[in-house]
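2 protein chains.
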Amino acid sequence: MSDPLVFLLAVHNHQPVGNFVSVFEQAFEDCYRPFLRELRTHPNVKFTAHYSGPLLEYMRDKEGECWESLKEMVSRGQVELLGGGFYEPILTVIPEEDRLGQLGMMSRFLEENFQARPRGIWLTERVWEPSLPRTLAQAGIEYTLLDEEHFHYAGIGDIHSYYVTEDQGYSLKLFPIDKKLRYLIPFHATADIETYLREIEEKNGLAILGDDGEKFGLWPGTKTWVYGEGWLVRFLDFLKEKKIRTCTYAEILDARPPAGRVYLPPASYEEMMEWVLEPRDAAVFKDLKAKNPPEARRYLRGGFFREFFLKYPESNLLNKRMVLVSRQVNRTADEEAKRELYKGQCNDATWHGVFGGIYFPHLREAAYEHLLKAERMTAIESGWRKMDYDQDGRDEEILRDSTFGLIVKPAFGGSLVEIDHYPSFRNLTDVLSRRKESYHSRQPQGTEQGKSIHELVKEFPAGSERLFRYDRRPRFCALDHFFSPETSVEKFERGDDEERGDFVDRPYDPEVQGTILRLRREGRVRIGGDSLPIRVYKEIEVRGRDLIVRYRIKNLADRPADLLFASEWNFYQIPEEIAIGPVETTLCGGRLRLEIFPTKKPGSFSLRTLSQSEEGYDIIHQGFCLLPAWHFTLSGEEEFVAHIRLSDRDAATSS
Amino acid sequence: MSDPLVFLLAVHNHQPVGNFVSVFEQAFEDCYRPFLRELRTHPNVKFTAHYSGPLLEYMRDKEGECWESLKEMVSRGQVELLGGGFYEPILTVIPEEDRLGQLGMMSRFLEENFQARPRGIWLTERVWEPSLPRTLAQAGIEYTLLDEEHFHYAGIGDIHSYYVTEDQGYSLKLFPIDKKLRYLIPFHATADIETYLREIEEKNGLAILGDDGEKFGLWPGTKTWVYGEGWLVRFLDFLKEKKIRTCTYAEILDARPPAGRVYLPPASYEEMMEWVLEPRDAAVFKDLKAKNPPEARRYLRGGFFREFFLKYPESNLLNKRMVLVSRQVNRTADEEAKRELYKGQCNDATWHGVFGGIYFPHLREAAYEHLLKAERMTAIESGWRKMDYDQDGRDEEILRDSTFGLIVKPAFGGSLVEIDHYPSFRNLTDVLSRRKESYHSRQPQGTEQGKSIHELVKEFPAGSERLFRYDRRPRFCALDHFFSPETSVEKFERGDDEERGDFVDRPYDPEVQGTILRLRREGRVRIGGDSLPIRVYKEIEVRGRDLIVRYRIKNLADRPADLLFASEWNFYQIPEEIAIGPVETTLCGGRLRLEIFPTKKPGSFSLRTLSQSEEGYDIIHQGFCLLPAWHFTLSGEEEFVAHIRLSDRDAATSS
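Here the protein sequences line up with chains A and B, keeping their order. Numbers in my numbering are just positions in the first sequence, counted from 1, shifted up by 59. Numbers in my numbering are just positions in the second sequence, counted from 1, shifted up by 59.
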């Protein structure tokens, strides 16, 4: 028996929560709108489409033509819509309740607006774990698309069929996305595509393509190629002329049984499983893949998505902050708070590969903004609470008050890992550390991927070499340094400072007394060839609209100590928001005032990273490091007293 | 700062549900009892122990000395008890409700009997998936032990520390089991062990051992070595003399923070991840591991546990049958039915490595017995029901009546995949197919593992070569063959038969009419150079205590057809249970009568497999194949009529 060739096309369209409106506008102008226009005039070309929640909401509100034409194509059976987590979360790393919540929100949205409840989903970044089938089945989902790599890992050679898997007896159908088709379409001539399609036809198989819709106009160079030079029209005409049958995924599901049952380990597309590795590990892994024979493909596996939480501690902090909010929100039935929570689960800000991702402050800012809104909508607690929110096996101290929310890590220098400012729904400490990326040391990048965004030769911008210095530790606040007197802010910025104390990342003993968190460490400071016992006593308190950190530094030795003490604070602020003066420093455009006592103008510098995105390399301002420092001598048993106060001035006085 | 060396010992003791009482007796005599006796006289040697539910229940009922001494050692703080799924299931492949149910059952049992609620669990066969932490945390579990391989896959080099992982913000602490310690203890002299312990001490690490308790007396040769030749006493004295500190896992958890956070992909111990592969794949994988440099260890990964459901279709059938029962039982609050269900989830019958596992019929029999009891305790349905219970993407027809339960696969020859006999709680068709195993073609086995059960040179028993023939398809019932007239039962047994029809594993159209399932296929039978259209119409019905399969075979051609038709039935029966006569065949010691009409004595042969266990190779009788066959000629449009009836004779007439 021979089935006719069927070409299954799925396009996945997405813009992250918090992306600039201008990006949405351009994406519709250059890509989503012309794509739908062409397809609409080819009613016999059936396809399957996924639009993430942020795009659907934008389309409904601003892009009437697209919205109506999509409705028409759905109603005439040309288009099958895919569901998914509404705000495009990585399903495996959000709580089960929210998986079901986001999947259900999308299914209801499509049913209400398009009268089409989805049977399949686009799995965000194809991040698979074997426990997903039960969740998806319980959300009423019958199938999803994965990459062919997922199947290679299970020893499946035939990627021109679909399969069934299960978890706890709940089944899910899986379509393997053909990587070669991903590289051919839309970058190659129809003749080349036909050659490959005929190969698939001879194997009696399905031609299965699922890929980003942005490659049809938004990726660099594709607008001209796909529309200006007419690739899309040629391709659609080619399908018609050559009588290549297209249909939706759901139609194939009903027409043919699966080719077999499979069990797939955690995976994503091949590139993602390299991106998640540390640069040195990625190099080893790629080398092993290059050196081994094809039969090793099944067994040679890179990292899996959760490891981004190790590679980028900031991603872990955001994820665990989200979990904290999720537990609170899910104890309520507040649908609006849930929507804010779900917006805060959008995947883009949590990882990095060829897109900017976690390096883009506006995406992280949006995530925290929505999470803080969700949190604020459901409860205000008071008082310090102890819990290991970031899952490092050590307890943090957490305070959520009306103006400020604080997270303190006693085990890590008694530092402030997060300062939330609720009136502006900002995490003020949302700063990304400078860290080595694979592409910092090889340029231009390799060409493992096809044409398009992966083959562009990218040049480092001027001044990049100064950014290839990496932070030794995360950029928290109230990090306690004892420097050599020769240390300067410039040296500190470059990482050439000499740390003489053992306080900055070491455990402090915490004790809560009323509203005050007392942190204490008896450590040592090296001075010349000597090592003196020093006690740092740090109090953290929120009083009304003030956050106050008080220091008492005591020389426990019986001889004098000459000390250069600095308290490091890192703030997520754009340059226009901050004003650093000799007496007063303000943040958030004047809304927040930072008082340093004894009065000092803090040393400061801009925190900048160099990262890649689909268009090239970006130097990104991540915020400011402020470094109030005091040089003093303490005789035996003498104390130095200082404080730093962050005050919210009410809205009337803010700019 | 330097921590003193700590030696953490965990012993895991388990005998499967359904194992022979004699095995339990011998295990206590040779192993569990002498082990506890020795440890009891060394009160300063602290350790952590796991006894699976079947052992705990047996110990409580039959081994008073062990029971009391365990209680004493727990109460004086010498022993920490580990929890786990009560009847030792693989947690990742049972429903979430049952995971929590079995974990809770064990925790309550330990609390009630030992006043010690467990903080850690022994994870059955260390089968890990990254979604486990939430389940375990919700069951109140703080930690478990995994193999060092799990950690290598995450790039963790230091296996002398413990770690923390999380899922959805629920944390779990993980201890890596040191493989070298597994190989040293108890097989090497204390001097060698000391050398390695001192190495660990120099690294400021924990010596972490968790392993089967059966290696202390039950594995071949270990009784003499461990007790007769005094290894255990020497080792315990050595710990005391050398002042090597022992403590429980829970104590370390409280005393030290974890070394870091990790995310581990699905894994088990190294050997398991090879066993799950098909023989040809396992050979490729082992070759790749041998040829690649050490840094490849992180990336070269074998199979994962769920793939046993592909390697052994019988394991999948048992697992999915369990799911069917689980859903029914979990709709009730019947605690006794849950206990039966949990017994039916015991892992041993579902896989195979160096132990007999799925090859042991008495373990599979016990699993089905408990599942059928649980099913019967909660409901009797009637009527045919359509569902894809085995998750192959094609619907089965299921009937559960008072005497018989049936599962029919229309898509696979309209065959009977399961015939349950409820009065005896037996799955009569629980027969294991003959299939190739890695060790069939290499002897003696390699020496990848340490001394003990893995290094024994095993000889194939006489007559083994006749068993190295493998079945082309599963051994279901009512499989419809059209043979060449030259075919004999002997040829069929050897797999040398010539199949001339296209019925045996091909789709039949099902239709339910009242109590009758009608199955129909119009296929073809090759006769000489000719190919004739033939229709097989098969009715399956349960009427009272009778299961009836009626055939109507019609020649749709306009010329005569000379046909040798056989209906293949495979029954799980020991030789004493079956009597095959020219007129009457009985099963289950006379309780069941098999009527064949037109009357024929069926061809028959014993189904035997060759498998390995820790002691050597076993030729195991898995049941009988019965092959009623009729040779007849049909002129055009003529029909042949036959039936097979399996009748339950009431208990009075059974032996």
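Glycine is no exception: its CB is placed at the ideal position from the N, C-alpha and C atoms. All values derive from a computational prediction rather than experimental measurement.
Tell me, please, which residues DSSP counts as bridged to residue i.
| i | result |
| --- | --- |
| residue 451 of chain B | The partner list for residue 451 of chain B (beta bridge, DSSP) is empty, contrary to what the question assumes. |
| residue 572 of chain A | A/575 |
| residue 736 of chain B | Absent from the structure is residue 736 of chain B, since the part of chain B shown begins at 60 and ends at 714. |
| residue 624 of chain A | A/541, A/689 |
| residue 653 of chain A | A/644, A/705 |
| residue 405 of chain A | Answer is none; residue 405 of chain A lacks a bridge partner. |
| residue 392 of chain B | Residue 392 of chain B is not bridged to any residue. |
| residue 715 of chain B | The shown model of chain B, from 60 to 714, leaves out residue 715 of chain B, and the question about it has no answer. |
So the candidates are the options; which of them puts its Cα closest to the Cα of residue i?
| i | options | result |
| --- | --- | --- |
| residue 596 of chain B | B/108, B/294, B/577 | B/577 |
| residue 532 of chain A | A/552, A/517, A/543 | A/552 |
| residue 122 of chain A | A/153, A/136, A/87 | A/87 |
| residue 602 of chain B | B/170, B/461, B/636, B/629 | B/461 |
| residue 470 of chain B | A/319, A/370, A/357 | A/319 |
| residue 530 of chain B | B/550, B/521, B/518 | B/550 |
| residue 72 of chain B | B/536, B/134, B/146, B/535 | B/146 |
| residue 657 of chain A | A/623, A/634, A/701, A/640 | A/701 |
| residue 605 of chain B | B/465, B/106, B/547 | B/465 |
| residue 720 of chain B | B/688, B/424, B/389 | Nothing about residue 720 of chain B can be read from this structure; chain B reaches only from 60 to 714. |
| residue 593 of chain A | A/642, A/75, A/695 | A/695 |
| residue 631 of chain A | A/168, A/535, A/619 | A/535 |
| residue 329 of chain A | A/130, A/255, A/363, A/299 | A/363 |
| residue 539 of chain B | B/619, B/624, B/518 | B/624 |
| residue 136 of chain A | A/207, A/310, A/77, A/224 | A/310 |
| residue 527 of chain A | A/493, A/543, A/546 | A/493 |
| residue 331 of chain A | A/381, A/263, A/414 | A/414 |
| residue 112 of chain A | A/416, A/519, A/401, A/693 | A/401 |
| residue 118 of chain A | A/289, A/390, A/85, A/705 | A/85 |
Expressed to the nearest angstrom, what Euclidean distance is found between the alpha-carbon atoms of residue i and residue j?
| i | j | result |
| --- | --- | --- |
| residue 375 of chain A | residue 385 of chain A | 15 angstroms |
| residue 196 of chain A | residue 164 of chain A | 15 angstroms |
| residue 510 of chain B | residue 210 of chain B | Annotation note: pLDDT 47 at residue 510 of chain B (below 50); position unreliable, coordinate value reported separately. If you take the alpha carbons of residue 510 of chain B and residue 210 of chain B, they lie about 24 angstroms apart. |
| residue 467 of chain A | residue 565 of chain A | 13 angstroms |
| residue 64 of chain B | residue 259 of chain B | 8 angstroms |
| residue 70 of chain B | residue 392 of chain B | 34 angstroms |
| residue 261 of chain A | residue 302 of chain A | 16 angstroms |
| residue 667 of chain A | residue 419 of chain A | 11 angstroms |
| residue 327 of chain A | residue 637 of chain A | 41 angstroms |
| residue 284 of chain A | residue 91 of chain A | 15 angstroms |
| residue 558 of chain A | residue 139 of chain B | 44 angstroms |
| residue 655 of chain A | residue 662 of chain A | 12 angstroms |
| residue 187 of chain B | residue 366 of chain B | 13 angstroms |
| residue 487 of chain B | residue 77 of chain B | 17 angstroms |
| residue 445 of chain A | residue 152 of chain A | 23 angstroms |
Query raised in the report: Okay, do the stretch 585–602 of chain B and the stretch 639–658 of chain B touch, 3+ Cβ pairs below 8 angstroms being the bar?
Result: no
Query raised in the report: Would the stretch 176–191 of chain A and the stretch 284–297 of chain A be scored as touching if the rule is three or more Cβ pairs under 8 angstroms?
Result: no
Requested in this report: Could you tell me whether the stretch 86–103 of chain B touches the stretch 158–172 of chain B, using the rule of 3 or more Cβ pairs below 8 angstroms?
Outcome: no
Query raised in the report: Using a beta-carbon distance cut-off of less than 9 angstroms, what residues from the stretch 75–101 of chain A approach chain B?
Result: none
Query raised in the report: Between the stretch 222–253 of chain B and chain A, which residues of the former have a C-beta closer than 9 angstroms to a C-beta of the latter?
Result: Residues 222, 223, 224, 225, 226, 227, 228, 229, 230, 232.
Query raised in the report: Are there three or more Cβ pairs, one per stretch, closer than 8 angstroms when the stretch 342–354 of chain B is compared with the stretch 336–356 of chain A?
Result: As far as the Cβ criterion goes, the stretch 342–354 of chain B touches the stretch 336–356 of chain A, which means the pair count is three or higher.
Query raised in the report: Of the residues that make up the stretch 451–481 of chain B, which ones have a beta carbon closer than 9 angstroms to any beta carbon in chain A?
Result: 451, 452, 453, 470
**Report entry** Selection of the stretch 318–339 of chain B by Cβ proximity to chain A, strictly under 7 angstroms
**Finding:** 320, 322, 324, 325
Report task. Give the residues from the stretch 608–621 of chain A that approach chain B closer than 7 angstroms (Cβ to any Cβ), ordered along the chain. Result -> none
Query raised in the report: In the stretch 354–373 of chain A, which residues sit with their C-beta less than 8 angstroms from some C-beta in chain B, listed in chain order?
Result: 354, 355, 357, 358, 359, 360, 361, 363, 365, 366, 368, 369
**Report entry** Interface positions of the stretch 204–215 of chain B facing chain A (Cβ-Cβ less than 7 angstroms), listed along the chain
**Finding:** 214
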